[in-house]
Every structure is written in C-alpha cells, then in structure tokens.
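> First, the structure itself, so that you have it in front of you.
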Amino acid sequence: MKIDVFTLFPEAFAWYASQVHVTRAAELGHELRLCNYRDHTPLTHQQVDDTPYGGGAGMVVRIDVVAAALEAVYDVPCDAVRGERRVVELTPKGRQLDDALAAEFAAHDLCLLCGRYEGIDERVANLVSDRVSIGPYVLSGGEIAAMAVADAVLRKLEGVISNPESVVAESFAPDLEGALEYPQYTRPAEFRGWKVPDVLLSGDHAKVARWRAEQSQRATDMTRRRS
Ligand code: 6GU
Numbered sequence: 007m008k009i010d011v012f013t014l015f016p017e018a019f020a021w022y023a024s025q026v027h028v029t030r031a032a033e034l035g036h037e038l039r040l041c042n043y044r045d046h047t048p049l050t051h052q053q054v055d056d057t058p059y060g061g062g063a064g065m066v067v068r069i070d071v072v073a074a075a076l077e078a079v080y081d082v083p084c085d086a087v088r089g090e091r092r093v094v095e096l097t098p099k100g101r102q103l104d105d106a107l108a109a110e111f112a113a114h115d116l117c118l119l120c121g122r123y124e125g126i127d128e129r130v131a132n133l134v135s136d137r138v139s140i141g142p143y144v145l146s147g148g149e150i151a152a153m154a155v156a157d158a159v160l161r162k163l164e165g166v167i168s169n170p171e172s173v174v175a176e177s178f179a180p181d182l183e184g185a186l187e188y189p190q191y192t193r194p195a196e197f198r199g200w201k202v203p204d205v206l207l208s209g210d211h212a213k214v215a216r217w218r219a220e221q222s223q224r225a226t227d228m229t230r231r232r233s
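Just so we're aligned: the sequence shown equals residues 7 to 233 in our numbering.
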C-alpha cells in the first residue's frame, strides 16, 4: 500500500520513517511518501496559510494550496483523489482512531492531510473521505496524529512485524476479543525485591496461558471501569 502524508513539516517524520518496521514495509513494496504543501503552492512567496475570515487568532491552511498539492501529486482533479484512495484529514474534530479503523485503512492506499496552526480551511470537506482524530485533546498540528495513524496501519500489513504472533496477541486485537494485552516481564527475575510472578518461571505452558488470559481480562475490566 501507499501512504502519502501532506504536511508543512516533512522533516518531522525523519525519525519515524527510519524505524525498522517502516523500512521493512518499504522492502515489502509499501511506500511512505512525504509531500510538502509548500512545494506545490500556487501563491507567491511560498504562502500556504492565511488569517481566518471573521477574525480571530492564528492562521488557517488555504484550500487552494491543499487542492494544488493533491493535483500536483495525483494528476487528477482534487475532488477525484478520494475516489481512488482514502483521503484523511487529521483533525481533533474527527472520528477517533481505533483498531478497527486502522484495519480498514490498511486495505486501501492512504492520503493523510496534516493541518497546522488553526487547521485547514473547512472546505477541505469536499476533498476528504474521512476526518480522523487520535484522541480527545488538541495537538499543535496533525503530524503526530499522522504518525500514529500510519503506524497503526503499517502494523496491520503482513510481514511488517517480524513475529506475526506479537500482532495477533496485541492489545485490542480481535484474538484478544478487544481486550488489553497481559503484562510482560524480562530478566532479572528479582530487582530490589520486586519479583516476576512465579507462574512465568514455572515452565508450565498451560498454566502460563491461563494466567495470561486472566490478567488480560483483569486489565480490560479495570480500564473499562475507569472510562
Ligand atoms: Cl488528528 N490533530 C490535532 N491537531 N489535534 C488532535 C488530533 C489531530 N487528534 C487529537 N488531537
């Protein structure tokens, strides 16, 4: 699949793009591409944003700039891009990302539109297929959210995570029936009096499996009670 991220700050993705599962995805033929709105702006002085109509603080990313970037990259009318891929605006006003939505996105090519400042001109609604948030709080821009979406989606692709069992048994995965993952421990078996549960050192695989199922259930019950 292809994930194209439109942003004013492509350099913000350098660390993420260098992560081993992202490079592995690239080797498997998947692509994470970064597109800078500024490279395609039809305006002078590389302008990309403007003050809001009606007044108020901050700057709004211009719709003509977003449209020009989409048309330059895809070579189709900007409102036709969503006919061939999911076009996702990252915005705190969007539908909250969850495991099911990540799985759905993994079946399509994706175009992620990041806003900065006060976001993108509302008329971007004519260009997108989805508006997505990563949680009920406000970030300063869509970049961190775009990385969260890209990561949750890339992990769903076959072969991207080297040990497929670690994806199947992961928190929220269908195999855990939407439950949270059980706790994990590693050496040392005891540190400052804090001990690893005996059952994990017992070598009894059936007992370990039972314990993990119980712990997973308990973790899930506790978070659901909290929310
Ligand atoms: Cl997608 N964008 C911004 N700016 N803030 C957010 C968000 C997105 N999701 C949660 N907070």
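Ideal placement from N, C-alpha and C gives every residue a C-beta, glycine not left out.
For the pair the region 136 to 143 and the region 98 to 114, tell me if three or more CB-CB distances fall below 8 Å.
With the cut-off at 8 Å, the region 136 to 143 and the region 98 to 114 touch.
> Please state whether DSSP places Gln102 in a helix, a strand or coil.
Looking at Gln102 - three-state DSSP - the assignment turns out to be strand.
> Helix or strand or just coil, what does DSSP make of Arg193?
Of the three classes helix, strand and coil, the one that applies to Arg193 here is coil, per DSSP.
> Would you mind stating whether Val155 and Val94 have Cβ atoms separated by less than 8 Å?
Closer than 8 Å, so yes.
> Name the residue from Val54, Leu116, Glu124, Trp21 whose alpha carbon lies nearest to the alpha carbon of Met5.
Outside the shown range of the chain (7 to 233) lies residue 5, about which nothing can therefore be said.
> Can you give me the Cβ contacts of Ala195 inside the same chain, cut-off strictly under 8 Å, excluding the 5 residues immediately before and after it?
Same-chain partners within the cutoff: Lys201, Val202, Leu207.
> For Val159, name the three-state secondary structure that DSSP assigns.
Three-state DSSP puts Val159 in a helix.
> Relative to the C-alpha of Val28, which residue among Ala113, Cys117, Thr13, Ile9 is closest?
Minimum Cα distance to Val28 is reached at Ile9.
> Can you list, in chain order, the residues of its chain with a C-beta nearer than 8 Å to that of Val87? Leave out the 5 residues immediately preceding and following it.
Hits under 8 Å: Leu76, Tyr80, Val93, Cys117, Leu133.
> Rounded to a whole number of angstroms, what is the C-alpha to C-alpha distance between Val205 and Phe178?
Rounded to the nearest angstrom, the two C-alpha atoms are 24 Å apart.
> Heavy atom of ligand 1 less than 7 Å from the Cβ of Ala151, yes or no?
It does: the Cβ of Ala151 is within 7 Å (strictly closer) of some heavy atom of ligand 1.
> Taking only runs of the alpha helix (DSSP H) that begin and end inside the region 11 to 35, which ones reach a length of at least 4 residues, in chain order?
Counting whole runs of 4 or more residues, the region 11 to 35 contains the alpha helix (DSSP H) stretches 20 to 23, 26 to 33.
> What does Cys120 pair with, by DSSP beta-bridge criteria?
In DSSP, Cys120 forms a bridge with Leu96.
> From which residue to which residue does the beta strand (DSSP E) around Leu76 run?
Note, Leu76: premise wrong, no beta strand (DSSP E); alpha helix (DSSP H) at 69 to 80.
> On the three-state DSSP scale, how would you describe Gly147?
Reduced to three states, the DSSP call for Gly147 is strand.
> Buried or exposed for Met7, going by 16 or more other Cβ atoms inside 10 Å?
Met7 comes out buried.
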